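Chains as they are written, first to last, in this note's numbering: chain A, 160 to 452; chain B, 3 to 475. Just so you know, even glycine gets a beta-carbon here, dropped at the ideal spot from N, CA and C. Keep in mind that this is a model prediction, so the values were computed, not measured.
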């Protein structure tokens, strides 16, 4: 075997190795920093081992943020999934209107979430916003959308839903269009109704696609920052301070670097575990879908 | 075959070691980069007679915040280059992310920017890690500083605001001069003269009157032809910036403190019975006469609501009202007047200030040229030109405040000069200097929002004080 041939596997592995190092190096460095009390006021810090994590887990603020993050992620992912699938089912019938709507549907995805949040902030403005203007004839013109904790959280979820429902719809639509036609034809011949066909055929076969969308949206929503920060800055009070915002405030605004990174490491662990569970579940669902087909 | 496997393992082991080396080196190198710091100031290297052309051919890099003061500076940069032969390159960022950009840049330990804008509060955050050049030695060195710079011409409270010993709780005006006052703002009440005239109102002299006035305007103004007008615009977003203008001014006029300091130890004082009562009243005023969606209100919204005739009054920076009051700037221009605002129970007009200051990066490689730039930008010639031909108002220098051309320019604004002159000597930083300022005030703003939302002021402020005690103690 010539030396060139012997070297080839090592050369081929270089890009993957560089990529791995590029990912692991900052991650490892961040992890390492969490073992110190590194902050702007202490540029030469002492090793404190796991003290930062202890502090994180004993803080009421952390548990509040964790709760808000989970509420947000579950709420946004659930609404987007239901709406996304519903929209996909409507668009599945390939009419001219459907094809036009498909093009329009994709528009929110082309807007940066932070811009979408700013647009919505203006629209939700109680005195000059268009939402209250439209609601005025129904006697609901004075709603202060983001002034209450529940209102602020729901408004943030609504913006997320507006931006990302098309993403779920597009994935679900792609799934619908790739389903085999024969089971549906057989069901039609047997006289199965729409609801029965949807429940017993469409949904089981569509689930793998929907679950991919859910995985993406749930993980992304756990990491949300831009929409909430632009809309409420985490307020009123601490009611919409999700883990990312808490980490940003600690690390950048208050310059407690180690502590801020500890928050992000905890968030990473949560996202990683959630992703593992969902991906494992995806495998099962894919096997079931294959059985239906 | 065995040899091949062995080779692969050795290769992977060597690669892993190579990848780990920079990681360990970076970790070993410490945090925040180079820490070789000499005790001597670079100002000592400047000798001989003062010469504006000393650094001819140098380029200074500046980081600036988007602001009318910045516009005035940029418009006059050509004069600086002509005078010194120094070029200035600059980046301008909007205020929303200006300080994040500056913080990240300074904390990286690099000298991307030689000079930058900052507020006095930022000295408390950037000073202790050693990111700011102490300008004191530069000011004292007659070879580096021209006699016409005239340090005594600055309002003393402004120079003191940027001077600190870097010890938490220590008063300002002692220790290093970490920035120079360049433009500032005092917090007063501006009001719409039309609505006051129509409703037969006059500016409030006490806080109780102000609360009542705010409620009255919100109730009566829409029926008097001012559709959608509310009483008083004050900031409410979950940010440190909510606390420092109107709220802190009125808080200080009531004789209240953010922290008490004993033997260098800081104790939060936002939950004293008097502070709780005041905070409750402030939140009540916002509910009765404040803007809808107050929890998202920044100075932009407050200022534009006054200009759009949506707000009857504004309790914020005088500049925030001024930018709406100048001719043609807004629907309310020509109808905005200024008043010092309510006095405290003992007649106090203690006022909190914001100073746009200019600072120098301690890691700058062009300190001598940067100092010439700071000297020029805070000098009489440029500031007078900026005040008269641009909107660089609220002069940091007494000579400009007294200048006839400046007074001529400002006199068409009812009450502006009188208000400025009434509060100028009583305006200072009303906060206790300490490095956790941004955490404390952001949490304070969140607490204010919770009280506005209906939670009990005492329990919320007790929680705030307890949380802050651990952080600043």
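Under the DSSP assignment, residue 220 of chain A falls in the alpha helix (DSSP H) whose first and last residues are 219 to 251. Within the region 392 to 404 of chain A, the residues whose Cβ lies closer than 7 Å to any Cβ of chain B are, in chain order, 392, 393, 394, 395, 396 and 397.
Along the region 251 to 276 of chain A, none of the residues has a CB nearer than 7 Å to a CB of chain B. Annotation: the continuous beta strand (DSSP E) that includes residue 314 of chain B extends over 313 to 319.
Interface criterion met: the Cβ of residue 451 of chain B is under 8 Å from a Cβ in chain A.
Legend: CB atoms of the region 221 to 242 of chain B lying less than 7 Å from CB atoms of chain A belong to residues 230, 239, 240 and 241. Along the region 170 to 186 of chain A, going in chain order, the ones with a CB nearer than 7 Å to a CB of chain B are 176, 180 and 184. When the beta-carbon positions are compared, residue 224 of chain A and residue 401 of chain A come within less than 8 Å of each other. Annotation note: the region 271 to 359 of chain A contains the following uninterrupted alpha helix (DSSP H) runs of length 4 or greater, listed N- to C-terminal: 272 to 283, 289 to 294, 308 to 337, 341 to 348 and 353 to 356. Contact between residue 352 of chain B and residue 206 of chain B is absent: CB atoms are separated by about 16 Å, not below the 8 Å threshold. Note that the C-beta distance between residue 116 of chain B and residue 62 of chain B is below 8 Å.
In this structure, residue 303 of chain A keeps its C-beta atom at 8 Å or more from the C-beta atom of residue 367 of chain A. Here DSSP, grouped into helix, strand and coil, assigns residue 93 of chain B to strand. Residues of chain A with a Cβ closer than 9 Å to the Cβ of residue 440 of chain B are, in chain order, 408, 412, 413 and 414. Here the alpha carbon of residue 265 of chain A sits roughly 12 Å from the alpha carbon of residue 243 of chain A.
Listed in chain order, the non-local C-beta contacts of residue 81 of chain B below 6 Å within the same chain number zero, local neighbours out to five positions each way being set aside. Going by C-alpha positions, residue 217 of chain A is about 49 Å away from residue 379 of chain B.
Three or more Cβ pairs closer than 8 Å define a contact, and the region 383 to 403 of chain B falls short of that threshold against the region 295 to 313 of chain B. Chain-ordered listing is empty here: chain A has no CB closer than 8 Å to the CB of residue 288 of chain B, the nearest sitting near 11 Å.
Listed along the chain, the chain A residues whose CB falls inside 9 Å of the CB of residue 106 of chain B are 411.
For residue 448 of chain B, the C-beta contacts it makes with chain A under 7 Å involve 394, 396 and 397, in order along the chain. At a Cβ-Cβ threshold of 8 Å, residue 200 of chain A and residue 417 of chain A do not count as neighbours. In this structure, the beta-carbon distance from residue 158 of chain B to residue 45 of chain B does not fall below 8 Å. In summary, residue 423 of chain B is exposed, with fewer than 16 beta-carbon neighbours lying within 10 Å of its beta-carbon over all protein chains present. Residue 117 of chain B sits in a strand when the DSSP states are folded into three classes. The alpha carbon of residue 187 of chain B has as its nearest neighbour, out of B:170, B:89 and B:354, the alpha carbon of B:354.
At a cut-off of 8 Å between beta-carbon atoms, residue 296 of chain B makes contact with chain A. Distance from residue 471 of chain B to residue 278 of chain B at the Cβ level is roughly 16 Å; contact not present, criterion being Cβ atoms closer than 8 Å. Non-local C-beta neighbours of residue 185 of chain B in its own chain, meaning closer than 7 Å and more than five positions away in sequence, comprise 71, 358, 394, 396 and 398, ordered along the chain. The beta-carbon of residue 130 of chain B is placed less than 8 Å from the nearest beta-carbon of chain A. Cβ contact annotation for residue 123 of chain B (same chain, cutoff 6 Å, sequence separation greater than five): 439, in chain order. Secondary structure at residue 88 of chain B: coil, using DSSP grouped into helix, strand and coil. The continuous stretches of beta strand (DSSP E) do not include residue 296 of chain B, and DSSP gives it neither H nor E. Residue 193 of chain A sits in coil when the DSSP states are folded into three classes, being neither helix nor strand. Secondary structure of residue 234 of chain B (DSSP, three-state): strand. Excluding five sequence positions before and after residue 68 of chain B, the CB atoms of its chain that fall closer than 7 Å to its own CB belong to 94, 95, 96 and 97, given in chain order.
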